[in-house]
């Protein structure tokens, strides 16, 4: 009975998708509400074109919705992972080897989103998704 109840990789994939995609969506909605002009400044400071800042909308709204729904999940998770790499590069490089005041890794949230997204890339969406478990990008 234990195996039938708890040996469900498709349900585990669903939980991973809901947590990584769903929680990232809050960041995107916040940027829609309060703006993301600060990203343009970070890009310019790094010598990159400011129009790339609109990638935030794709990486923090479109991709998370696709991850949650399980539609082209691997591609969406790859986009989300790239956005996290850029966030660390543009904003958090100074904290890369830091511990916060509570003794935790300073970039634990960014690491969770990055590696959670990469896990989704390698695991796929699973059966409980719009795309199902078939297809290259699901």
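In our numbering, the protein residues as written are 254 to 391. Cβ coordinates follow ideal geometry from the N, Cα and C atoms, glycine included. Remember, it's a predicted structure, so these values are computed and weren't measured experimentally.
Below 8 Å between beta carbons: does that hold for residue 323 and residue 366?
-> As a working note, residue 323 is residue 70 in the chain shown. As a working note, residue 366 is residue 113 in the chain shown. Their beta carbons are not under 8 Å apart, which means residue 323 does not touch residue 366 by this criterion.
Exposure of residue 297, with buried meaning 16 or more beta-carbon neighbours within 10 Å | Here residue 297 refers to the residue found at position 44 when the chain shown is read from its first residue. It is exposed - the Cβ of residue 297 has fewer than 16 other Cβ atoms within 10 Å.
Please classify residue 346: is it buried, with 16 or more other beta-carbons within 10 angstroms of its beta-carbon, or exposed?
-> For the purposes of this step, residue 346 is taken as the residue at position 93 of the chain shown. The residue in question, residue 346, is exposed, as its Cβ has fewer than 16 Cβ neighbours within 10 Å.
Could I get the ranges of all uninterrupted alpha helix (DSSP H) runs contained in the region 283-327, with 4 residues as the minimum, in chain order?
-> Runs found: 290-298 and 316-322.
Strand pairing of residue 352, partner residues [DSSP] = Looking up residue 352 in the chain shown gives position 99. According to DSSP, residue 352 bridges with 358.
Distance, residue 309 Cα to residue 290 Cα = The residue given as residue 290 occupies position 37 in the chain shown. The residue given as residue 309 occupies position 56 in the chain shown. One Cα belongs to residue 290, the other to residue 309, and the distance between them is close to 11 Å.
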